[in-house]
Amino acid sequence: MKQILYLLSFWLFLGSPRAAATVSFSAPVNYPVGTAPVAVVVGDFNGDGKLDLAVANSSSNDVSILLGNGDGTFQAAVNYSVGQAPTFLTAGDFNGDHRLDLAVAIGSQNSVRILLGNGDGTLQPEGQYNAGTAVEYIASADFNDDNKPDLLASNRQGVISILLGNGDGTFQSATITSTDGNTAFVAVGDFDRDGAMDVATGNGGVGLSEKAFGKLIVLLGNGDGTFQAAATEDLGFWPRGVLTQADLNGDGKIDLVAAVEEGIFVVDIRVLLGHGDGTFSVGQPVKGMFSDFVTVADANNDHNPDLIALEHFAPQTFPIGIQIMPGNGDGSFQDVVANPCAQSGGCVQLSTQPSWLAVGDFDGSKRMSFAVTNLVENTVSVLLNLNALKSDFSLSASALTPAVVAAGQSATGAVTISRSGGFNSAVSFTCSLQPVLPHAPTCALTPNASGASLVVTTTAPNIARAVPVHWSFALWLPLVGLVGAGASLTSRGQRKILLQLSWCTLFVSVVTLELGCGGNSVQAQQFNNGTPPGSYTISVTGTAGALQRSTGFTLTVQ
């Protein structure tokens with residue numbers, strides 16, 4: 239019955255035309271690893287500047303390390319025992335020695351195992367930590383803003399565990415946050431641009447009508463390892479597979495992409511465009527096929543993010559492979575053609591049952607290649623990217639220093655140009671700032687050999703200062719007139735009366751000045767409160783002919 243439903247959904251998929259994408263990758267080269275590999279991560283584990291692979295093997299209860307030769311080939315795997323049934327792994331420098339370490343989720347033992355790197359590609363066990371029931375996914379990020387990597391572990395029961403790192407390879411006891419999610423995979427990023435790491439996951443299912451329902455669950459971080467109450471957004475589909483994050487439309491705000499179920503055995507890819515405040519809106523569906531895995535990479539080297547999906551559970555009668563949905567640079571993507579591997583469009587054919595995919599420049603070509611774990615064949619496949627590099631450039635932004643200022647202070651940052659495909663044109667820069675407010679910060683760019691330096695300047699409050707008051711000539715006119723009139727009078731009585739009037743006029747003038755100036759001969763200058771407190775986004779755009787690329791900074795004014 240299940241096969242029939244697969245076939246039915248496949249033929250329904252054939253009903254609408256799809257735009258074929260042209261991709262070129264080498265044939266898979268397979269490297270033996272442990273038994274039933276379920277996940278692979280990329281990193282330089284021996285410090286030679288060449289990317290290596292680490293693979294979690296769920297049935298042989300170990301992790302395989304394959305050292306890269308820098309030309310797209312890898313050395314034979316070396317295996318390290320980690321505990322029964324590892325489910326996922328992540329890499330990071332957990333003890334501050336500038337060598338990559340591994341954290342491995344052990345679902346059957348409800349724990350996370352730490353393996354410290356020796357800097358030569360070998361590993362040594364450090365410790366094991368409780369991390370919630372049936373841990374299926376693990377990620378590394380700095381959740382409490384102490385510049386030490388922490389760990390997040392999650393499962394399909396909506397439990398998210400945070401293990402704060404001590405910076406020496408050890409971790410504190412897990413802090414548990416419960417949601418009503420049923421998606422094991424979470425996306426981690428600063429979704430509201432406040433400098434604290436946030437988390438997104440999902441929930442849903444398929445009803446009796448065979449129509450899916452679901453929601454996005456977002457937990458905004460407090461910057462101390464804890465989260466605000468979960469905010470949910472109804473989606474109308476179930477984000478049942480991998481959820482990942484990237485800036486898909488180049489607006490400097492983090493977006494999400496998920497492998498979703500629209501109905502019974504109707505599986506697509508969905509994009510959720512970020513608003514920069516922790517909320518998202520649903521983009522147009524992207525037609526993938528039979529995939530519950532998706533990631534983001536520039537697969538065709540046009541400097542637009544593409545979507546990469548794996549056909550995890552396609553019917554065995556159809557070819558299975560990596561689906562590539564090229565991005566248009568605006569958050570939209572081309573659909574995959576029906577049965578893409580059979581039509582040689584938008585697909586790289588694989589063996590059956592791939593379980594995970596990682597991306598990296600394995601041969602030093604500056605092109606993103608693939609490493610794919612094969613669950614049944616007990617191998618990891620490496621596929622080298624053969625697509626031509628487009629002459630182009632991209633921009634990256636450093637963090638502002640300092641990132642938080644008081645009104646009247648300045649912050650500096652750097653914009654770096656990355657060139658590819660022989661690009662050597664001059665790039666001009668402009669900057670803009672949002673929101674636009676009275677006394678808002680200003681930005682200035684100075685080009686240099688690597689890109690440009692940025693200075694963001696805020697406005698200080700004016701200090702009230704005293705200034706002399708110039709008495710009005712009009713106040714003296716009555717007195718001068720009376721004195722002049724007195725000079726023309728000859729009668730002593732007349733002069734006496736006039737003198738009295740003069741003294742009266744002088745008295746009134748002085749009292750008027752006293753009342754108007756508070757008894758002083760100075761008055762306070764008006765002043766402003768300087769740059770209003772809040773978060774400001776600085777956008778930097780580089781232009782070279784018809785090419786335009788952007789990046790962004792965030793400044794907080796206290």
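Heads up, the final residue of the sequence shown is numbered 796 in the working numbering, and it's a clean run with no missing numbers.
Note that beta-carbon positions come from the ideal geometry of N, C-alpha and C, so glycine has one too.
As the structure is a prediction and not an experimental result, all values here were calculated from the model.
- A direct Cα-to-Cα measurement between glutamine 561 and isoleucine 546 gives close to 6 Å.
- Taking all protein chains in view, the Cβ of leucine 675 is surrounded by fewer than 16 other Cβ atoms within 10 Å, so the residue is classified as exposed.
- Spatial neighbours of glycine 521 in its own chain (CB-CB distance under 6 Å, excluding positions within 5 residues in sequence) are listed in chain order as Val509, Leu511, Gly569.
- Nearest neighbour of leucine 473 by Cα position, chosen from Gln466, Lys449, Asn487, turns out to be Lys449.
- Here glycine 345 carries a helix assignment [DSSP, helix/strand/coil].
- Taking 7 Å as the cut-off, the beta carbon of phenylalanine 429 is found no closer than this to the beta carbon of leucine 638.
- In terms of CA proximity to serine 648, Thr695 leads the group Thr695, Gln483, Ala294, Asn612.
- A buried status is given to valine 320, since no fewer than 16 other beta-carbon atoms sit within 10 Å of its beta-carbon.
- Between proline 523 and the set Met563, Ser447, Gly488, Thr794, the nearest pair of CA atoms involves Met563.
- A direct Cα-Cα distance of roughly 53 Å separates glycine 443 from threonine 684.
- Selection Thr794, Pro771, Ser688, Gly772 evaluated against glycine 780 yields Ser688 as nearest (Cα-Cα).
- Contact between alanine 343 and isoleucine 376 holds: their C-beta atoms lie close to 4 Å from each other, under 8 Å.
- Counting only residues of its own chain and dropping the five nearest sequence neighbours on each side, glycine 345 has a CB closer than 7 Å to the CB of Ala323, Thr325, Ala372, Val373, Glu374.
- Within the same chain, Cβ atoms closer than 6 Å to the Cβ of glycine 405 are found at Gly334, Lys386, the five residues on either side in sequence being excluded.
- Annotation: the stretch 382-450 contains the following complete segments of the beta strand (DSSP E) (minimum length 3 residues), in chain order: 388-392, 397-401, 413-416, 425-427, 436-444.
- In the three-state reduction of the DSSP assignment, isoleucine 492 falls in the coil class, being assigned neither a helical nor a strand state.
- DSSP links proline 770 through a beta bridge to no other residue.
- Boundaries for tryptophan 476: no beta strand (DSSP E) harbours it, and the DSSP string shows neither H nor E there.
- Here the stretch 528-547 makes contact with the stretch 496-503; the two share three or more CB pairs at distances below 8 Å.
- A Cβ-Cβ contact shorter than 7 Å links alanine 645 with threonine 769.
- Around the beta-carbon of serine 666, fewer than 16 other beta-carbon atoms lie within 10 Å, marking it exposed.
- Per the coordinates, the alpha-carbon of aspartate 630 lies some 6 Å from the alpha-carbon of serine 658.
- By the 16-neighbour rule on beta-carbons within 10 angstroms, serine 788 is buried.
- The beta-carbon distance between alanine 635 and valine 653, rounded to whole angstroms, is 6 Å. This is short enough to meet the 8 Å contact definition.
- Between glycine 516 and alanine 469 a beta carbon distance of about 7 Å is seen, short of the 8 Å cut, so the two are scored as contacting.
- The criterion of a C-beta distance shorter than 7 Å is satisfied by phenylalanine 381 and glycine 463.
- In the three-state DSSP reduction, arginine 337 falls in the coil class, being neither helix nor strand.
- Put simply, the backbone Cα of asparagine 542 is about 16 Å away from that of isoleucine 655.
- Beta-bridge pairing by DSSP links methionine 606 to no other residue.
- Distances from the alpha-carbon of serine 773 to those of Asn767, Pro673, Ala690, Ala698 put Pro673 closest.
- In this structure, threonine 775 and leucine 671 form a Cβ contact; the two beta carbons are roughly 7 Å apart against a cut-off of 8 Å.
- In the three-state scheme derived from DSSP, where H, G and I count as helix and E and B as strand, asparagine 268 is classed as strand.
- In the structure shown, the three-state DSSP call for alanine 379 is strand.
- Three or more Cβ pairs drawn from the stretch 449-461 and the stretch 476-484 lie within less than 8 Å of each other, which places the two stretches in contact.
- Judged by DSSP in its simplified three-state form, threonine 470 adopts strand.
- Per DSSP, alanine 682 is one residue of the beta strand (DSSP E) stretching across 680-685.
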